[in-house]
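Input: a single structure, listed below in structure tokens.
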Amino acid sequence: MSVSPHLLPNPPSQVHSTFHQEPPRRNLLDLTVSIDPLDYKKLSPLQRQAKYRPYNQIYAGLFFMVAGQLDDDSDVPTSPAPGMGPYDRSKDADTKKELLLFNKVARYHQRLAREACDKIPRPTAANAEDILFLRSPGSLVDSYCNVMVKEFGPNPYVSLVKDLRKAIGFSKFLPEQKGPDSFDEGLKVRAFLMKFDAEAIGQNRQIGVSRREIKISPVDLRHYLQVAIQSLIMERFYLKSHIPFGSLDKTLLYLRAVMRFFYREDILSEDDPTDVRRAEQIMLKKWHSTKAAANVPAVQDPSHVKSPASLVKNFGDAFLFEKNLPILSSNDITNFLTEMCNQVDHQLPEVIRKHKRGGRNRLVRVFRSATRLTHYFYICRDDHFKKAWTSENQRNWHSYIDARSLLDKALGFKWIDKYLEEWIYKVRFLQLVRYLQPYLVTLPIIKERWNPIIDTASKHVRTFVTSIYIHAVFAKRAPAFYSRILPQYQDMLNSISDDSFLTWNKESEEKALTSLRVAAPMAVKMESEMASSYKGTFGKFWAKLRGKKAWVKWCNKGAAKALYNGLKWASTPKGLSAPKNPAKTFAQYTVALKIFLLEAHKGQPIEISDRALYVETVKDTLSSKKP
């Protein structure tokens with residue numbers, strides 16, 4: 001299911017609670033029951049719809065309520081962060097509207113559950129099998145029914161979510177599933193049969209496409225629901241879950257198409273954003289945002305495991321004369337690279353899925369073949385490459401094999417130094433965002449929160465820079481220690497090696513400023529050219545015509561767009577061709593962001609000078625009283 005971005009202003013990230021330590025109970029997935037196909041054939045279409053209606057009544061609400069998010073899931077602090085000033089939640093009109101919507105939809109699902117749950121009996125000796133899923137004690141269906149039939153008054157949403165969490169034993173996400181794959185071959189086959197049927201249903205809706213006869217029986221529906229329930233539980237309990245199609249969104253999209261077809265509902269109404277559909281879209285986006293935030297450990301958390309990116313400076317000669325580098329063994333290097341490869345393997349598909357949802361399939365294909373296999377994942381394919389490192393001082397490590405012959409023919413690898421140079425500017429953009437973050441999180445954003453977006457971008461940047469730099473050292477293409485832009489390379493590696501890079505606090509703000517003070521002549525030159533090309537004449541006329549309030553709103557939206565697109569650019573590895581002018585791309589995002597922020601603060605167009613765009617000047621201006 002495609003979900004529109006969820007944007008809400010939000011204060012900086014706080015420490016996350018300890019993860020829930022128990023995996024989901026096996027009986028949550030208790031869906032085993034046989035169905036007699038002959039019974040289905042004896043019934044008329046109307047009789048079938050009446051008999052199997054509880055499927056539809058129960059499961060739509062179950063997916064919505066189990067995914068339910070509360071304020072304590074987010075990174076909204078109960079008191080303002082240092083230096084932030086008071087945070088007025090009364091301004092979050094969108095949040096209040098969402099809660100009204102969630103309460104309305106929760107009442108609707110309660111009504112359906114009260115009608116349907118009585119029709120789904122618990123198993124007994126005389127009733128060991130039933131045409132509907134049985135309410136085995138402790139199963140997800142049973143837990144859902146027990147909670148939804150309770151009376152919580154006119155605003156039941158929060159109480160329902162809390163009680164349902166207690167019933168299924170969920171508090172916080174586990175890092176990842178251990179042990180055997182929860183999706184055996186049988187379930188995987190059913191998942192792709194569901195996808196095949198759903199896509200065929202969609203094709204039959206298209207004009208001019210030959211129609212194909214589609215038959216979906218209760219047995220098929222039960223199998224497809226089994227896939228969806230398994231996906232829901234795995235996604236609900238684990239940060240990293242291995243489910244078909246990569247995300248629950250797609251699973252529910254396919255399931256919804258099949259169920260609507262089965263019940264002969266008007267599938268064209270799928271395009272109509274009803275309250276129930278809209279609430280589920282918002283809920284899924286909130287869920288993804290919560291997982292994204294939880295997936296980036298806060299640096300203040302004492303249980304936070306040291307990130308493998310902290311050893312990146314031990315590779316190559318960029319820090320040849322630094323005496324504070326840790327002394328490492330061969331096992332340290334191998335373990336570090338193994339952990340790095342696990343992170344790359346996890347995060348690259350995330351980026352690919354985001355691009356697919358944006359419809360950029362061509363970039364995805366290039367990205368898979370050229371970037372994933374060479375610049376970021378080549379040494380991960382063979383354990384020998386992870387062990388092919390030597391050092392004379394146990395601090396600076398180099399590959400002892402000649403990897404040039406292995407990689408010279410690899411598509412696009414000859415430009416790895418250009419990609420590395422581009423990452424310098426991407427890291428610099430993230431440091432600008434960290435420095436201005438207290439002001440950026442107040443920008444308008446729909447159906448998501450800025451802090452987890454920024455934190456996730458930082459996490460991706462750290463992983464990909466670590467990997468591509470080590471690949472450059474491996475292939476003896478890393479910049480030499482006497483390079484003219486060595487300070488910028490050193491600053492890039494210093495930045496991603498520090499835990500403050502992953503989340504906002506006063507320390508990360510101070511270190512971001514230190515990083516931004518490192519000379520970057522091309523960035524300064526490009527920003528100056530961008531600023532000089534800015535003409536505010538039309539803006540002045542527009543502001544005078546529409547008024548100050550409209551101008552401020554327009555500028556804030558422009559700043560939000562520049563920030564969002566800049567973060568997307570900064571955290572995404574590129575594909576086939578070499579970057580042409582990364583400093584110019586960097587300047588396009590930074591100058592747009594700064595000018596929009598300054599003009600929103602001023603309430604009118606302003607004259608732009610180079611000095612006005614210095615990061616410290618920008619922050620001083622934003623900190624001053626508005627005119």
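Using UniProt numbering, the first residue of the sequence shown is number 1, and each one after it goes up by one. C-beta: ideal position from N, C-alpha, C; glycine also.
Could you tell me which residues DSSP puts in a beta bridge with residue i?
{"i": "F315", "result": "W397"}
What three-state label does DSSP hand residue i in the structure shown?
{"i": "Y425", "result": "helix"}
{"i": "Y376", "result": "coil"}
{"i": "T390", "result": "strand"}
{"i": "Y263", "result": "coil"}
{"i": "Y238", "result": "strand"}
{"i": "residue 635", "result": "The question about residue 635 has no answer here: the residues shown for the chain are numbered 1 through 627."}
{"i": "A519", "result": "coil"}
{"i": "I120", "result": "coil"}
{"i": "A67", "result": "coil"}
{"i": "E115", "result": "helix"}
{"i": "I243", "result": "coil"}
{"i": "S609", "result": "coil"}
{"i": "D402", "result": "coil"}
{"i": "E213", "result": "coil"}
{"i": "G169", "result": "coil"}
{"i": "N155", "result": "coil"}
{"i": "I327", "result": "coil"}
{"i": "N581", "result": "coil"}
{"i": "K476", "result": "coil"}
{"i": "F321", "result": "coil"}
{"i": "R222", "result": "helix"}
{"i": "S623", "result": "helix"}
{"i": "L160", "result": "helix"}
Could you give the distance in angstroms between the alpha-carbon of residue i and the alpha-carbon of residue j?
{"i": "F315", "j": "K594", "result": "36 Å"}
{"i": "S624", "j": "H601", "result": "9 Å"}
{"i": "Y157", "j": "F102", "result": "6 Å"}
{"i": "F237", "j": "I401", "result": "43 Å"}
{"i": "K525", "j": "A388", "result": "41 Å"}
{"i": "T95", "j": "T621", "result": "30 Å"}
{"i": "V276", "j": "I282", "result": "10 Å"}
{"i": "V149", "j": "W504", "result": "43 Å"}
{"i": "residue 628", "j": "L407", "result": "Because the chain is modelled from 1 through 627, residue 628 falls outside the range shown and cannot be assessed."}
{"i": "E616", "j": "K426", "result": "19 Å"}
{"i": "K286", "j": "E448", "result": "6 Å"}
{"i": "R462", "j": "P444", "result": "27 Å"}
{"i": "N155", "j": "V161", "result": "12 Å"}
{"i": "I243", "j": "T338", "result": "23 Å"}
{"i": "T165", "j": "A257", "result": "In the sequence on display, residue 165 carries Arg and not Thr. Computed Cα separation, rounded: 28 Å."}
{"i": "V305", "j": "I327", "result": "Confidence in V305 is poor, its pLDDT being 35 and thus under 50, which makes the residue's placement unreliable; the coordinate value appears in the next sentence. Cα-Cα distance, rounded: 19 Å."}
{"i": "V105", "j": "G61", "result": "9 Å"}
{"i": "L43", "j": "D249", "result": "33 Å"}
{"i": "L486", "j": "L502", "result": "23 Å"}
{"i": "H460", "j": "T572", "result": "8 Å"}
{"i": "H223", "j": "R395", "result": "55 Å"}
{"i": "W397", "j": "N494", "result": "17 Å"}
{"i": "G169", "j": "I606", "result": "56 Å"}
Should residue i be counted as a contact of the ligand FAD given a C-beta to heavy atom distance under 7 Å?
{"i": "R428", "result": "Annotation note on the ligand FAD: not contained in the displayed structure, which lists no ligands."}
Taking CB distances under 8 Å as the criterion, tell me whether residue i reaches chain C.
{"i": "E199", "result": "Absent from the structure is chain C; it holds one protein chain and no more."}
I think residue i touches residue j, with their Cβ atoms under 8 Å apart; what is that distance to the nearest whole Å?
{"i": "P582", "j": "E421", "result": "6 Å"}
{"i": "T251", "j": "Q69", "result": "That belief does not hold up - the Cβ atoms of T251 and Q69 are roughly 19 Å apart, past 8 Å."}
{"i": "Q57", "j": "E115", "result": "6 Å"}
{"i": "Y376", "j": "I468", "result": "6 Å"}
{"i": "V141", "j": "M194", "result": "Not really, about 19 Å apart at Cβ, beyond 8 Å."}
{"i": "T274", "j": "F429", "result": "Not quite, the Cβ-Cβ distance comes to about 40 Å (not below 8 Å), so this is no contact."}
{"i": "I416", "j": "R477", "result": "5 Å"}
{"i": "V147", "j": "A167", "result": "6 Å"}
{"i": "residue 648", "j": "I120", "result": "Given a span of 1 to 627 for the chain in the structure shown, any question on residue 648 remains unanswerable."}
{"i": "S508", "j": "R434", "result": "5 Å"}
Ranges of the alpha helix (DSSP H) found wholly within the stretch 478 to 506, counting only runs of at least 4: 486 to 497
For the stretch 420 to 474, list the alpha helix (DSSP H) runs that are entirely contained and at least 4 residues long, ordered along the chain. 450 to 474
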